[in-house]
Amino acid sequence: MAARPADGVSLRQVTLLADGRPLATLTSPPYQALWPMTVGTHVFTAVGMDAEGNEIEGNRVTIGVVE
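Quick look at the structure:
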């Protein structure tokens with residue numbers, strides 16, 4: 446799983462979420478982490494925090510993993 450901020454956006458921290466649970470919290474790019482695939486439908490997103498402490502939530506991505 447990976448996330449990239451929009452052009453011109455500077456983040457001090459990014460938390461990657463898999464199915465609503467934190468997968469990794471990163472403080473510098475690249476904002477990516479490995480996720481152990483399991484069968485089913487899964488939702489991924491990223492929540493970033495800028496220098497002023499504002500939270501910025503990324504788009505949600507839904508995938509289906511089949512056997």
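Sequential numbering of the sequence shown, starting at 446, is according to my numbering. Quick reminder that beta carbons are idealized off the backbone N, C-alpha and C, glycines included.
Are the CB atoms of residue i and residue j nearer to each other than 8 angstroms?
| i | j | result |
| --- | --- | --- |
| Val488 | Thr460 | no |
| Thr490 | Asn504 | yes |
| Thr472 | Arg457 | yes |
| Tyr476 | Ala448 | yes |
| Met482 | Val510 | yes |
Suppose the cutoff is 7 angstroms on Cβ atoms and the five residues either side in sequence are ignored; what does the same chain contact list for residue i look like?
| i | result |
| --- | --- |
| Glu512 | Val484 |
Considering only DSSP beta bridges, list what residue i is partnered with.
| i | result |
| --- | --- |
| Val488 | Thr507 |
| Val459 | Leu471, Gly493 |
| Arg466 | Ala463 |
| Glu500 | Met494 |
Using a Cβ-Cβ cut-off of 6 angstroms (strictly less than) and excluding sequence neighbours within five positions of residue i, which residues of its own chain qualify?
| i | result |
| --- | --- |
| Met446 | Leu461, Ala478, Trp480, Phe489 |
Using C-beta distances below 8 angstroms, list every residue in its chain close to residue i, excluding the 5 sequence neighbours before and after it, in chain order.
| i | result |
| --- | --- |
| Glu500 | Val492, Gly493, Met494 |
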